[in-house]
Amino acid sequence: MENNLEGSGERKLQCSDVSKCFQLLESILDGANIPDSQEILKSKLAKCQPCFEHFHLEQAIKEVLKNKCTKHEVPSELVANIRQKIEEIK
Amino acid sequence: MSEVQRKKYTEQEKNRIFDEEFMPHIDSMYNFGYRLTFDEDDAKDLVQDTYLKAYRFINSFEQGTNAKAWLFRILKNSFINDYRKKSKQPAKVDYQEVETYYNSEDVDYKMTSDLRVDSLKDMLGDEISNALNSLAVDFRTVIILCDLEGFTYEEMAKILDIPIGTVRSRLHRARNLLKDKLRSYAQNMGYKTDEEE
Ligand SMILES: [Zn+2]
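Residue numbers (the UniProt record's numbering), protein chains in the order written: chain A, 1 to 90; chain B, 1 to 197.
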């Protein structure tokens with residue numbers, strides 16, 4: 001994130017269209033194929049405090065989900081069981 | 001045409017597709033199964049079932065398309081059609097509610113959260129996992145697919161057999177519910193929330 005996005009001096013405190021903005025921000029965060037998404041994101045975050053806060057919170061949640069959610073190890077016999085069953089139906 | 005489709009792959013090709021395109025997803029498949037059922041044996045059954053079906057119906061898999069999404073769709077259907085029916089757990093009281101009310105695409109987007117990014121980052125994996133696990137299965141599912149597994153909205157729409165607009169709105173609702181859970185964890189565990197300032 002670039003430094004000029006961090007200073008909040010210029011941002012408006014009310015978002016003009018929360019529904020539209022947040023939906024767009026979430027789509028961008030989720031990797032939807034939106035033309036010029038990086039430019040749109042940059043300008044929204046620079047101009048609007050609610051958008052800025054929403055984006056960073058959603059981004060943080062996405063990151064903790066991805067990185068911290070406990071992963072369950074695949075039981076060692078599962079692959080062998082599957083292969084055995086496949087041999088039986090071949 | 002269906003005859004041609006049916007005979008599409010040779011034994012050798014089938015084995016190659018199965019080994020190289022299907023089996024590498026077993027970790028994700030097992031985790032998905034586990035997060036749907038919360039039970040190791042049920043998760044194993046679901047995954048095994050899924051792979052057997054995948055092998056049986058391998059001719060309907062198009063090479064070059066997303067094998068992981070194809071497998072997830074089979075697992076999710078097995079979960080709904082087989083697991084939910086035989087399990088004594090009522091198909092979750094919330095399910096009906098989710099299907100009727102929550103499928104609406106009108107979502108209220110608003111500033112909701114006094115949850116802080118800092119306190120989120122302090123949380124442990126178990127807390128995050130528990131919050132996710134506490135959500136109704138349809139909400140849990142969209143978060144698993146999107147945030148844990150990185151599927152696109154288009155892929156999720158195909159896996160879940162719902163329109164993209166519904167994917168988006170359900171995901172938004174799921175995240176709001178998750179934020180509520182995380183916020184109450186944060187408060188209970190003494191992490192900072194804005195309310196305390
Ligand atoms: Zn805004």
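Idealized CB from N, CA, C, for every residue including glycine.
Bear in mind that the values here come from a model prediction, so they are computed numbers and not experimental data.
| Item | Value |
| --- | --- |
| Hey, would you say B/A43 sits closer than 9 Å to B/Y55, going by beta carbons? | no |
| Is A/E58 close to chain B? Criterion is C-beta to C-beta, closer than 9 Å. | yes |
| By DSSP, does A/C21 sit in helix, in strand, or in coil? | helix |
| When you measure from the CB of A/S16 to every non-hydrogen atom of ligand 1, does any distance come out below 8 Å? | yes |
| How would you call residue 198 of chain B, buried or exposed, if buried means at least 16 neighbouring beta carbons within 10 angstroms? | Because chain B in this structure spans residues 1 to 197, residue 198 of chain B falls outside the shown range and cannot be described. |
| Between the Cα of B/L145 and those of B/K14, B/Q187 and B/L36, spot the shortest distance and give me the residue it belongs to. | B/L36 |
| Can you tell me the Cβ-Cβ gap for B/Q63 and B/I26, rounded? I've got them flagged as a contact below 8 Å. | With a Cβ gap of about 19 Å, B/Q63 and B/I26 do not count as contacting. |
| For B/S78, which residues of its own chain have a beta-carbon under 8 Å away from its beta-carbon, when the five flanking residues on both sides are left out? | L46, D49, T50 and K53 |
| Three-state secondary structure (DSSP) at B/L124? | coil |
| Would B/L182 and B/L124 be called neighbours here (beta carbons separated by less than 9 Å)? | no |
| In the DSSP assignment, find the unbroken alpha helix (DSSP H) run with B/L75 in it and report its ends. | A67 to S78 |
| Quick check on the burial criterion: 16 or more other C-beta atoms within 10 angstroms. Buried or exposed for B/D138? | buried |
| Does any C-beta atom of chain A lie closer than 9 Å to the C-beta of B/Y51? | yes |
| List, in order along the chain, the chain B residues whose C-beta lies closer than 8 Å to that of A/I86? | F18, Y51, L52 and Y55 |
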